[in-house]
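Down below is the structure, laid out as C-alpha cells.
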Amino acid sequence: MRDKKSNEIADKLREIGNFQFKKGDYHEALVAYNRSLCHALPDTEQFSFAFANRSAVYLKVKLFEKCLQNIELARKHGYPEEKQSKLNEREETCKKLIETFKDEIVETRKDFFKLSYEANKKIPFIVKSLEVREDDKYGRYITTSSNLKPGDIIAIDEPIYKYINSELCHRRCTNCLKSNHLSLIPCLSCSNGKLCKQASA
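Counting from 1240, one number per residue, gives the positions in the sequence shown under the numbering used here.
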C-alpha cells in the first residue's frame, strides 16, 4: 500500500531541513528536503518550497547547475509570485559565481567508478589483464597477467537485480540507485519513490 501525501508532514520535514541548513549540515538538509518533496502534494507551495530550499543548499556547496535546475523546478511547480524575488536573486548570484569560477568548475563524471587499467577490447567492462583459464584442478577461473593492488577496480558490471534499502529511499534514485547529488524528483503518486528524472505520475 502506498503512503499518502501530506503537506502537513512536508512542512515539518522542511523545517527539519531548514534547521540542518542553519547548522551547516547540508547533506542532511538535502535529505530532509527530499523527504519533504516526497510527502508534498504535487504543484503546491510545499512542493515548490522544497525545490527552492534545495537550490539554496546547492548554491552553498557550489553545485551551481543543480542550483539552477532546482530554481527552475520551484518556478515550474507553483512557487508563489510574491517570493519570486528571492529566487531571482539566488539565480543571479549563481550565474555570477558560475562566471567567476568557470575555469575551476569540473563537471562530475556521470559514473563515479572507472577501471583502474586499460579495458579489454572484446569485453569493455573488465581490464585487459584479466584472462579466463580452465584446467582439471580448478575448473574455469580468472587470472591476471599483471600485478594488481588492493582497491583496484578491475570490472564494472550492472547487477541483475537491484533493491534500495528503505533508509536510503530519500538519498538515491529508486530506479538506478544513483545519488545524483541528492537532486532527485519525487514520485507524484506515493511518498517513497525518488527518481533522477520525472518519470512517475
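The beta carbon of each residue, even a glycine, is placed where N, CA and C say it ideally should be. Note that the coordinates shown come from a computational prediction; the quantities given were computed from them, not determined experimentally.
Item: Taking buried to mean at least 16 other C-beta atoms within 10 Å of its own C-beta, is Arg1372 buried or exposed?; Value: exposed
Item: Rounded C-beta distance between Leu1326 and Arg1314? I'm assuming under 8 Å.; Value: 7 Å
Item: Identify the continuous alpha helix (DSSP H) that holds Tyr1265 and give its terminal residues.; Value: 1265-1278
Item: Do the stretch 1280-1292 and the stretch 1246-1253 meet, that is, are 3 or more Cβ pairs less than 8 Å apart?; Value: yes
Item: What's the C-alpha gap between Arg1411 and Lys1367?; Value: 32 Å
Item: Rounded to the nearest angstrom, what separates Cys1333 and Val1300 at their Cα positions?; Value: 11 Å
Item: Roughly how many whole angstroms lie between the Cα atoms of Lys1262 and Tyr1272?; Value: 15 Å
Item: Which value, in whole angstroms, describes the spacing of the CA atoms of Glu1331 and Lys1401?; Value: 40 Å
Item: Using the Cα positions of Asn1386 and Cys1435, report the straight-line distance between them to the nearest angstrom.; Value: 38 Å
Item: Taking all protein chains shown into account, decide if Arg1274 is buried (16 or more other Cβ within 10 angstroms of its Cβ) or exposed.; Value: buried
Item: So what's Ile1424 in DSSP terms, helix, strand or just coil?; Value: strand
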